[in-house]
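Numbering (our numbering), first residue to last: 9 to 632.
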């Protein structure tokens, strides 16, 4: 109980500290040429108080303090220590407290690492960031208090959702939040720079490091979430177009577009409007990605909170932030006419702009598919779910020109380029199309569309490989990320085309046979664990004279009393063998789902390659 009290009052005092931060910041805007040390000191005190509050919640979980409502709802005495700690942010209240912690940490780092930049720019960035911080403080204390009491004190807690008790998901939210919160610094910084007319090459070089850091964390966070969903949720896929997946993908698309625009601004001092709008968009989408999921507004297999009443505060807060940002943009931003006349149609700038519009189109499709069910539910009480066919039909045809422009763009020069000496681009394209046709001709798939689609992906891969290893372009990090992206697309396409699946019902001792597979259900054993009982199935899978042993499980957790299906996966370099089992009600049969999923490992490795390119670029630009 003592830890909860310390945590709560630390939150309250942390909010109070915002008053002197505002007072000294506004005072310092008018006086002195250097940043008042009091501002940094009070920012540090605020950060320290939030750290104390967060550790107070952690210790409440570790000590199973069920007088705390958050601990009672999300923990249990039999839960392993690791999941007691990770349960701190595996709920609505704890995740918001983690958000607040990272918000304070990032603005303090910003103040420390920007001593060479304009004083008023640093102060305004702090003030805009404080508006966000205060919003989180009020939200936590008023309607999402992680330190509320329950009386009488129960002897046991309700436990954490079993599917959240996983190492990947334990580290996934903190990394994802580092990406989300990184966008808050970008948001506050761009508003400050716009208000002061400070957007320049120097500013672009400085903020690019924050964009890179946020982008890296968001990329890795999405990767961890995708890996977790792949083996934990039992659908055997790397992406399901689930609403929660979508709300993390949307800020990533905006952030990726912003990263390319800031590079243009750093190089040519143009596209400032794009930079401002994308910075606002990225942060807005990041807020939605955190709040809408945790509020229970989105209907999702990932959604573990269900409290739509909090949505009113969320929407109000978002409206205030968007209104402030648009006011600053329209009042203070001066559009530079040279943005429209300083480069030709055949130039690197044009290719980046074209790909920007493609990225915005993809983002718009995902946004409509994600929020349309919400509006339909509000207006007509009709509930629908937008699935993969919607996204595939609207996105896939536009991927072809997107890949082509992405392949050609790095080959062009700034301002103006020539077609002379670019014959190799046509040769690579024709080779890519022929290779794609040869791979697909005997598969009985949609030959024309898939040939052009995979051919354009090959085109991106070969052109990027040429830049990286043959031409040896100076922009190694960019080419490495582009190579990773091309491998990702190829892996996804081949996974989609070559995947196979069998769904059948079997009982112990039975076999399933077809022309390619034999699945034998050999045995079923009951295994007692600390916080669950496992029913493990033993299967033999025979294919092309090769036999594999796979052991999926059904787990019955004691608190809460939930049954989960745990896949068993044999991972190889080129394909995964994936099997799950589920009970068939009132029968001794089990529903068996067996899949062969090609190039899954390549998908994970390609995302790591994309992230590695960003990391190399970040450490080459030590301007954070």
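For each residue, glycine too, the CB sits at the ideal point set by N, CA and C.
In its own chain, which residues sit with a C-beta less than 6 Å from the C-beta of residue i, not counting the 5 before and 5 after it?
i, result
"residue 378", "251 and 254"
"residue 32", "44, 46 and 47"
"residue 28", "50"
"residue 599", "513, 590 and 592"
"residue 610", "499"
"residue 234", "246"
"residue 170", "565, 570 and 572"
"residue 675", "For the chain, the structure presents residues 9 to 632; residue 675 sits outside this window and is missing."
"residue 597", "513 and 515"
"residue 545", "532, 560 and 589"
Please state whether DSSP places residue i in a helix, a strand or coil.
i, result
"residue 563", "strand"
"residue 574", "strand"
"residue 93", "helix"
"residue 555", "strand"
"residue 584", "strand"
"residue 526", "strand"
"residue 213", "helix"
"residue 540", "strand"
"residue 206", "coil"
"residue 71", "coil"
"residue 550", "strand"
"residue 487", "helix"
"residue 454", "coil"
"residue 255", "helix"
"residue 569", "coil"
"residue 314", "Only weak support exists for where residue 314 lies, its pLDDT of 47 falling under 50; the coordinates are left without a value."
"residue 275", "helix"
"residue 420", "coil"
"residue 124", "coil"
"residue 39", "coil"
"residue 396", "helix"
"residue 240", "helix"
"residue 85", "coil"
"residue 633", "Lying before the first or after the last residue shown, residue 633 is absent from the chain, which here runs from 9 to 632."
"residue 425", "coil"
Please list, in chain order, all residues of the same chain as residue i whose beta carbon is under 7 Å from its beta carbon, the five residues on each side excluded.
i, result
"residue 130", "43, 119 and 122"
"residue 239", "575 and 577"
"residue 294", "188, 191 and 259"
"residue 551", "524 and 525"
"residue 97", "103, 106, 181 and 182"
"residue 467", "411, 412, 415, 436, 437 and 440"
"residue 459", "441, 444, 445 and 448"
Tell me whether residue i is buried or exposed, calling it buried when 16 or more other Cβ atoms sit within 10 Å of its Cβ.
i, result
"residue 516", "exposed"
"residue 508", "exposed"
"residue 553", "exposed"
"residue 531", "exposed"
"residue 417", "buried"
"residue 390", "exposed"
"residue 336", "buried"
"residue 38", "exposed"
"residue 560", "buried"
"residue 380", "exposed"
"residue 95", "buried"
"residue 409", "exposed"
"residue 538", "exposed"
"residue 61", "buried"
"residue 150", "exposed"
"residue 218", "buried"
"residue 101", "buried"
"residue 353", "exposed"
"residue 431", "exposed"
"residue 482", "exposed"
Residue i bridges to which residues according to DSSP?
i, result
"residue 509", "603"
"residue 545", "532"
"residue 598", "514 and 591"
"residue 579", "584"
"residue 519", "528"
"residue 157", "76"
Within the same chain, show all residues whose beta-carbon is closer than 8 Å to that of residue i, passing over the 5 residues directly before and after it, in chain order.
i, result
"residue 399", "249, 373, 374 and 377"
"residue 283", "198, 207, 212, 266, 269, 270 and 273"
"residue 36", "43, 44, 47, 127 and 131"
"residue 351", "276, 278, 357, 358, 422, 423 and 424"
| field | Whole alpha helix (DSSP H) elements within the stretch 129-192, 4-residue minimum | value | none
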